[in-house]
Amino acid sequence: MTICIREITLREIHLPLKEPFVISSGAVTTRRILLTELRDQDGAVAWSECPAGAAPNYSPETIDTAWLAITSWVAPRLLGRALAHPRDVHPILERDFRGHWMAKATLEMGAWGLAAERDGVSLARFIGGTRERIEVGISLGIEATPAALVAKARQALGHGYRKVKIKIKPGADVDYVGAAREALGPGAPLMADANNAYTLDDSDRLVQLDQFGLLMIEQPLAWDDLVRHAALQRRLATPICLDESITSLERAEDIVTLGAGRIINIKPGRVGGFAPSRAIHALCARHDVPVWCGGMLESGVGRAYNVALASLPGFTIPGDLSPSARYWERDVVTPEWTMAPDGTMTVPRDRPGLGVAVDIDRVDDLTVRRETLTAP
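Note that the sequence shown covers residues 100 to 475 in this note's numbering.
Now the structure itself:
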């Protein structure tokens, strides 16, 4: 079924978090979110979300650079163009067009969502997902004290979360993780995430984390440095998981070749969309590299794409796919994403498209900027 996108509407919404989310590079209290609404030649509609933040601290991209990239370069390549399949979008956007992966992913994933909507099948089924339910992990921001972290982690496990990610930075690392391990016991599924807060000079400090039996240490060193990650992995017994470093299939191949990590976090927005995400998933399956799906404080729209991706068979580690109520007093989709007491989330495999409906009134109330682009 040929897709021809005739109209794209961009919206910036401001969605307040229930509580500040703190990582090594700063705190977020209100999430600026870029949503897009794609409409095809027959009036079918799909929504998508750009995961870029307000500042270039996780990625070089921001919501403002993504808005510029989409309106100036991404959308013009797709509007009015006949597409035999959404897998054709990624090569169209990559040709003589470097970087801007999150901007590209916004419309690339939207094309997958639109195709699933047109075919009357769920997005998860359309991309090859097989799971009916997926395991859910939680990401805990940096707390003021180890005791505060322990309280949050204990609460998370009590709610059923299958993995607890502890954000760390120099000065809030060994003591914090150690307190959580001592309080929660040797079987608690804990991991640490540094968001590239360390250098190789901190290796001795990071090696101390080996004593806590963590599932992994995520992105300890610079986002663009694979060589030093490989050197650090040789010293660590704990697997390194790479996140910010994975921006393409080729980068994932380099990680496998160099031994720069043993686990990969696939965020579809970070790698340019579903086509490269599926390719990285296939690569990791061939090399027995576990993968999981990370989160970027998405609204329920972005969550829909992450849930669909995490239903692929190679996603064997619980993802950062917390329910809507974890972050928002009220999400922008219905039904909101929920988690069962056993720490799993239902994949909406029997509902067409994203599996949730966008609450237009809610989005309208939150919108601070919008722009509509149409095919020539």
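A virtual CB, placed ideally from N, CA and C, is assigned to each residue, including glycine.
Close-in-space but distant-in-sequence residues of the same chain around residue i (CB under 6 angstroms, 5 per side omitted)
| i | result |
| --- | --- |
| S238 | K264, D419 |
| F225 | A215 |
| M290 | K264, L313, L314, M315 |
| A384 | G413 |
| G259 | P440, D441, G442 |
| R448 | S221, A223, R224 |
| A151 | E160, T161, I162, A165, M201 |
| E106 | R138, T473 |
| I191 | R176 |
| K262 | G236, P288, P417 |
DSSP three-state assignment for residue i, whether helix, strand or coil
| i | result |
| --- | --- |
| N295 | coil |
| W146 | strand |
| H258 | helix |
| C340 | strand |
| G401 | helix |
| M100 | coil |
| T356 | helix |
| E428 | coil |
| V220 | coil |
| T161 | coil |
| F196 | coil |
| D114 | Here residue 114 turns out to be Leu, not Asp, going by the sequence shown. Three-state result, L114: strand. |
| T170 | helix |
| E470 | strand |
| K413 | Sequence check: residue 413 is Gly here, not Lys. G413: coil per DSSP, three-state reduction. |
| G418 | strand |
| M438 | coil |
| L465 | helix |
| D141 | coil |
| L335 | coil |
| D323 | coil |
| A215 | helix |
| S347 | coil |
Bridge partners - residue i, DSSP secondary structure assignment
| i | result |
| --- | --- |
| K203 | BP columns for K203 are empty, so no partner. |
| R232 | T445 |
| V127 | F120 |
| T135 | L109, S147 |
| N364 | W391 |
| T433 | A456 |
| F373 | F373 is not bridged to any residue. |
| K251 | K251 is not bridged to any residue. |
| M290 | K264 |
| I237 | V263 |
| E317 | D292, C340 |
| A181 | C103 |
| A271 | K268 |
C-beta contact flag for residue i and residue j at 8 angstroms
| i | j | result |
| --- | --- | --- |
| L305 | L325 | no |
| L116 | T129 | yes |
| L133 | E118 | no |
| N156 | G125 | yes |
| W146 | V446 | no |
| G452 | H189 | no |
| N295 | A321 | yes |
| D309 | A336 | yes |
| A44 | R186 | Residue 44 is absent from the structure shown; the chain starts at 100 and stops at 475. |
| S52 | E148 | What the structure shows of the chain is the stretch from 100 to 475, and residue 52 is not part of that stretch, so it cannot be assessed. |
| I363 | I345 | yes |
Contacts around residue i, its chain only, beta-carbon distance under 7 angstroms, and the 5 residues preceding and following it disregarded
| i | result |
| --- | --- |
| S376 | I365, P367, V370, L408 |
| R450 | S221 |
| H380 | I365, V390, L411, G413 |
| Y275 | P245, L248, I265, I267 |
| A271 | I241 |
| Y426 | L116, K117, L396 |
| R230 | S410, V446 |
| T433 | V455, A456, D458 |
| A154 | T161 |
Cut-off 8 angstroms between Cβ atoms - residues of its own chain near residue i, not counting five sequence neighbours on either side
| i | result |
| --- | --- |
| E428 | P115, K117 |
| M100 | A214, R217, D218 |
| G240 | P119, F120, V121, I122, A126, K266 |
| H278 | Residue identity check: residue 278 is Ala in the sequence provided, not His. Cβ within range, chain order: P245, A246, L248, V249. |
| V273 | R304, Q307, L308 |
| A378 | L348 |
| T205 | L133, T135, S147, E148, C149, A165, I169, V173, G368 |
8 angstroms Cβ cutoff, residue i in contact with chain C
| i | result |
| --- | --- |
| Y157 | Protein chain content of the structure displayed is limited to a single chain, and chain C is not contained in it. |
Query - Segment contact, 8 angstroms Cβ cut-off, at least three pairs: the stretch 176-183 with the stretch 403-416 - result: Two segments are said to touch when three or more pairs of C-beta atoms, one from each, lie closer than 8 angstroms; by this definition the stretch 176-183 does not touch the stretch 403-416.
Query - Cβ contact check for the stretch 205-217 and the stretch 378-394: 3 or more pairs under 8 angstroms - result: no
Report task. Decide if the stretch 233-251 is in contact with the stretch 397-405; the criterion is three or more beta carbon pairs, one per stretch, under 8 angstroms apart. Result -> No, the stretch 233-251 is not in contact with the stretch 397-405.
Report task. Would you be able to state if there are at least three C-beta pairs under 8 angstroms between the stretch 313-322 and the stretch 335-348? Result -> yes
Query - Cβ contact (3+ pairs, closer than 8 angstroms) linking the stretch 456-470 and the stretch 275-295 - result: no
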